[in-house]
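In my numbering, the protein residues as written are 2 to 153.
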């Protein structure tokens, strides 16, 4: 069990890859705080984690809001006992419009989620990890760097 006794937070853990990362951590012994914008999705993931015999904390969190990120980190530390692992998986893929035609507010949202969301979460967990003697932060990003399509 690679994560026995560890406590993890996975942002963007409602659908797809985030859900699978959260479940993999639980299968390897971690208790997991699952966070995403939709409460119904994190509740379903949390139920699957608990079915694996691990503790789960479902939390609605918008990573673009530093206060929500701090509340998630603090609640995880309080209710689960600390923070050892953060997986920054929250992601917004934008609209794939050409630069000259793009709606810049969509670009701003993409940057706010993908960049500043990871920064907000990292800053929020840092004191909790420091308190436990360290931790691990994993940054997940898009596969578009590997599978480039025309117009990206």
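Heads up, the beta-carbon is just placed ideally off N, CA and C, and yes, glycines get one too. It should be emphasised that the depicted structure is a prediction, and the values quoted were computed from it without experimental measurement.
{"query": "Buried or exposed by the 16-neighbour rule on C-beta atoms within 10 Å, applied to residue 136", "result": "buried"}
{"query": "Segments assigned beta strand (DSSP E), at least 3 residues, entirely inside the segment 58-90", "result": "86-89"}
{"query": "Exposure of residue 12, with buried meaning 16 or more beta-carbon neighbours within 10 Å", "result": "buried"}
{"query": "Cβ separation of residue 140 and residue 89, assumed to be a contact under 8 Å, to the nearest whole Å", "result": "5 Å"}
{"query": "Assumed close pair residue 25, residue 14 - CB separation to whole angstroms, cut-off 8 Å", "result": "Going by Cβ atoms, the distance from residue 25 to residue 14 rounds to 11 Å, so no, they are not a contact pair."}
{"query": "Residue 38 - DSSP class collapsed to helix/strand/coil", "result": "coil"}
{"query": "Buried or exposed (CB count within 10 angstroms, at least 16 for buried), residue 17", "result": "exposed"}
{"query": "Continuous beta strand (DSSP E) stretch holding residue 103: start and end", "result": "Run containing residue 103: none; DSSP gives neither H nor E here."}
{"query": "Counterpart residues of residue 32 in DSSP-defined beta bridges", "result": "8"}
{"query": "C-alpha gap between residue 81 and residue 58, whole angstroms", "result": "8 Å"}
{"query": "Residue 18, DSSP secondary structure in three states", "result": "helix"}
{"query": "Residue 42, buried or exposed, once every other Cβ within 10 Å from all chains shown has been counted against 16", "result": "buried"}
{"query": "C-beta atoms of residue 21 and residue 4 nearer than 8 Å", "result": "no"}
{"query": "Bridge partners - residue 139, DSSP secondary structure assignment", "result": "88"}
{"query": "Chain-order list of residues whose beta-carbon lies under 7 Å from that of residue 1 (same chain, five-residue window excluded)", "result": "The structure shown has nothing for residue 1, since the chain only spans 2 to 153."}
{"query": "Residue environment, residue 183, which counts as buried when at least 16 other CB atoms sit within 10 Å", "result": "Nothing can be reported for residue 183, as the shown portion of the chain is limited to 2 through 153."}
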